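Residue numbers (the UniProt record's numbering): 1 to 218. Cβ coordinates follow ideal geometry from the N, Cα and C atoms, glycine included. Remember, it's a predicted structure, so these values are computed and weren't measured experimentally. One structure is given here, and the rest of the page talks about it.
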């Protein structure tokens with residue numbers, strides 16, 4: 001099956017434009033509304049290739065879009081592995097990117113069947129994405145409900161000191177245990193220094209009285 005690709009590229013990148021100008025199934029755009037694109041929800045959107053940003057991944061999960069994730073920095077690596085663990089994505093490392101790896105990832109996401117009892121021969125990654133989307137949409141405590149309930153709760157009871165963590169009253173040294181860490185470091189380095197001084201003293205004594213030591217051994 002032939003798929004259509006929509007790629008977001010910079011207008012100054014003329015090299016990529018020349019590479020794909022003879023491919024009728026590739027469209028290059030300078031700007032793409034990611035949320036509107038993933039939230040379209042129609043059946044033609046089969047896969048989304050992304051870098052693994054949290055909010056973009058959340059949008060894709062809400063709208064049941066399978067992913068190919070290529071992380072670049074920060075939390076994107078963790079997000080990519082989390083999506084892969086949930087079965088909605090395949091992650092690729094940027095240093096191993098080539099034609100074969102990208103082709104394998106796309107074929108896995110687009111064509112690999114799932115032989116579960118409930119969904120026979122349905123696409124594996126698409127099925128996992130739809131299941132996760134339904135779980136997000138149907139979770140018992142929706143964000144809007146929590147916002148309303150907690151707002152009413154705070155209006156009723158005020159600042160709620162009972163729910164404050166006791167540690168927020170500590171200063172920086174006490175909160176992070178810097179005083180305890182400093183004491184332990186002093187003990188460790190103090191013992192190392194004492195062992196060094198003792199070893200140096202014993203070596204000096206042995207150097208000063210070698211004859212006495214040898215006669216005593218005889």
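Can you give me the start and stop residues for the alpha helix (DSSP H) that residue i sits inside?
{"i": "residue 81", "result": "76-86"}
{"i": "residue 20", "result": "14-20"}
{"i": "residue 136", "result": "124-138"}
{"i": "residue 103", "result": "99-111"}
Should residue i be labelled buried (16 or more other beta-carbon atoms within 10 Å of its own) or exposed?
{"i": "residue 50", "result": "buried"}
{"i": "residue 219", "result": "No answer is possible for residue 219: it lies beyond the span of the chain, which begins at 1 and ends at 218."}
{"i": "residue 59", "result": "buried"}
{"i": "residue 161", "result": "exposed"}
{"i": "residue 205", "result": "exposed"}
{"i": "residue 124", "result": "buried"}
{"i": "residue 138", "result": "exposed"}
{"i": "residue 56", "result": "buried"}
{"i": "residue 92", "result": "buried"}
Taking 8 Å as the limit between beta carbons, can you name the residues of its chain near residue i, skipping five residues before and five after?
{"i": "residue 179", "result": "173"}
{"i": "residue 32", "result": "6 and 8"}
{"i": "residue 29", "result": "6, 7, 8 and 9"}
Leaving out five residues before and five after residue i in sequence, what residues of the same chain have Cβ atoms less than 6 Å from its Cβ?
{"i": "residue 61", "result": "132"}
{"i": "residue 106", "result": "none"}
{"i": "residue 4", "result": "25"}
The beta strand (DSSP E) that contains residue i, what's its start and end?
{"i": "residue 26", "result": "26-29"}
{"i": "residue 68", "result": "67-69"}
{"i": "residue 50", "result": "48-50"}
{"i": "residue 64", "result": "Run containing residue 64: none; DSSP gives neither H nor E here."}
Residue i and residue j look like a contact to me (Cβ under 8 Å); what is the Cβ gap, rounded to whole Å?
{"i": "residue 94", "j": "residue 70", "result": "6 Å"}
### Message
Assess contact between the region 52-68 and the region 77-88, defined as three or more Cβ pairs (one per stretch) separated by less than 8 Å. Is contact present?
### Response
Verdict: yes, contact present.
### Query
Can you find at least 3 beta carbon pairs, one from the region 68-77 and one from the region 144-156, that sit closer than 8 Å?
Output reads no: the region 144-156 does not touch the region 68-77.
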